[in-house]
Amino acid sequence: MSTTDSRPLLHVVAGIILNGKGEYLLSSRPAGKPYAGYWEFAGGKVEAGENETAALQREFEEELGIRIHAAVPWLCRVHSYEHARVRLRFYRVAADQWSGDIQAREGQAWSWQKAGDFTVSPMLPANGPLLKALSVPTELALSADGALCGENGMGAYRVVPYASALPQEANILLPVGALQTSGRPPQAESVWVEVADANEYRAAAAHPATDVLLWRVADGSDARAVLEALDEGCSVPLAVAAPSETAAAFRSAWLAAGAQAVVIGG
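With UniProt numbering as the guide, the letters of the sequence shown map in order to residues 1 to 266.
Shown next as structure tokens:
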């Protein structure tokens, strides 16, 4: 994205639609539109007087003939194209939150894809970074050695603190201070950055090396700060680690606001 682009923002929503196998729906942009033939997560412009959910429902009915019954906010990104500067708000739609038979109402192609194993290309530029983000598990547990463990569509997923990471470890967890002083570890395929307050969150979210955020919550004030950040829109997946009592009180609200996962303890 260009930091000097002063054009007005075009407000756009897009849906990450899942099926019962945990696959994601991608469709190609139809002829006559910018980037025709590129693959994307379907969606479109939020019209005057619409909220984001209504726009998502309308766009999927118009483009693919399916009905969206509910959706959970996820990531928010700003991207500058040649034809427009857009603010993209992505929503997750689980398999039981939509219905209908997919129809290519605009002559586009569509395909179900696995996270971490996408087989269609080219991807629309603003959608490309989401492919890595979609490989982040939505359920994570803390292991005895301090690693975060989960599974995605490709199998086991493990995040290891940088200080104890072996050379073959792909997903590395860094304190925000280490990220700012040392940058991205050369061996890391995915960089997780741990933060403890809103200031650290903003610094890490703005850093180009950050792939995923882990916010370690200590109390109710921190918990509410997480909700505020999610409501504003986070550009990368945000997982939350919290003591059991705080997690019990805020877990549902965090997930409904778009948190990637909630880790008990940490």
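Backbone N, C-alpha and C define an ideal beta-carbon position, used for all residues, glycine too.
What runs of the beta strand (DSSP E), each 3 residues or longer, lie entirely inside the stretch 43–95?
If we require 3 residues or more, the beta strand (DSSP E) runs fully inside the stretch 43–95 come out as 43–45, 72–80 and 85–93.
Between the stretch 181–191 and the stretch 221–231, can you find at least three pairs of beta-carbon atoms closer than 8 Å?
Taking 8 Å as the limit for Cβ pairs, the verdict is that the stretch 181–191 does not touch the stretch 221–231.
Our contact map puts C234 next to A205 with C-beta atoms below 8 Å; I'd like the distance itself, whole angstroms only.
Taking the sequence shown and counting its residues from 1, one reaches residue 234 at position 234. Taking the sequence shown and counting its residues from 1, one reaches residue 205 at position 205. The pair is a contact, with the Cβ atoms about 6 Å apart (cut-off 8 Å).
Name the DSSP bridge partner or partners of P175?
Mapped onto the sequence shown, residue 175 falls at position 175. E194.
Buried or exposed: where does P208 fall if 16 or more other Cβ atoms within 10 Å of its Cβ makes it buried?
Walking along the sequence shown from the start, residue 208 turns up at place 208. Burial call: exposed.
Okay, do the stretch 44–64 and the stretch 129–141 touch, 3+ Cβ pairs below 8 Å being the bar?
No, the stretch 44–64 does not touch the stretch 129–141.
What does a CB cutoff of less than 6 Å around G150 pick up in its chain, not counting 5 residues either side in sequence?
For the purposes of this step, residue 150 is taken as residue 150 along the sequence shown, with counting starting at 1. Here the set comprises P137, E139, L140 and Y157.
Quick one, which of G44, E52, G20 and A165 has its alpha-carbon nearest P30's?
Working through the sequence shown from its first residue, we reach residue 30 at position 30. Answer by Cα proximity: G44.
Taking the alpha-carbon of S28 as reference, which of Q168, G20, A42 and G15 has the nearest alpha-carbon?
One-based indexing of the sequence shown puts residue 28 at position 28. Closest by alpha carbon: A42.
I'd like the span of the alpha helix (DSSP H) that includes S235, first residue to last.
One-based indexing of the sequence shown puts residue 235 at position 235. Looking at the DSSP string, S235 is not in any alpha helix (DSSP H), and its letter there is neither H nor E.
DSSP state of S111, grouped into three classes?
Walking along the sequence shown from the start, residue 111 turns up at place 111. Residue state, collapsed to three classes: strand.
Which runs of the beta strand (DSSP E) spanning at least 3 residues fall entirely within the stretch 208–232, listed in chain order?
Whole beta strand (DSSP E) segments, 3+ residues: 212–216.
Please go through the same chain and pick out, in chain order, the residues whose beta-carbon is closer than 7 Å to the beta-carbon of V120, but skip the five residues on each side of it.
Working through the sequence shown from its first residue, we reach residue 120 at position 120. If we look at V120 and ignore the five residues flanking it on each side, its Cβ neighbours are L26, W39, S111 and Q113.
Is the Cβ-Cβ distance between A126 and H83 less than 9 Å?
Translated into the one-based positions of the sequence shown, residue 126 becomes position 126. Translated into the one-based positions of the sequence shown, residue 83 becomes position 83. Cβ atoms of A126 and H83: not closer than 9 Å.
Does the stretch 242–255 come close enough to the stretch 212–229 to have 3 or more Cβ pairs within less than 8 Å?
Yes, they touch.
CA-CA distance, P129 and V262?
As a working note, residue 129 is residue 129 in the sequence shown. As a working note, residue 262 is residue 262 in the sequence shown. The alpha-carbon atoms of P129 and V262 are separated by roughly 22 Å.
Using the beta-carbon count (16 or more within 10 Å), is L88 buried or exposed?
Mapped onto the sequence shown, residue 88 falls at position 88. Label assigned to L88: buried.
For V86, which of K21, L10, G107 and N51 has the nearest alpha-carbon?
To locate residue 86, count along the sequence shown from 1; it is residue 86. Among K21, L10, G107 and N51, the Cα nearest to that of V86 belongs to L10.
Quick check on DSSP: helix, strand or coil for P129?
The sequence position of residue 129 within the sequence shown is 129, counting from 1. Helix, per DSSP.
Buried or exposed, going by whether 16 or more other CB atoms sit within 10 Å of the CB of N19?
Here the question's residue 19 lines up with position 19 in the sequence shown. Exposed, because fewer than 16 other Cβ atoms sit within 10 Å of the Cβ of N19.
Quick check: what's the CA-CA separation for M1 versus R7?
Within the sequence shown, numbered from 1, the residue matching residue 1 stands at position 1. Within the sequence shown, numbered from 1, the residue matching residue 7 stands at position 7. Because M1 carries a pLDDT of 43, less than 50, the predicted location of this residue cannot be relied on, and the following value inherits that uncertainty. When rounded, the distance between both Cα atoms is 12 Å.
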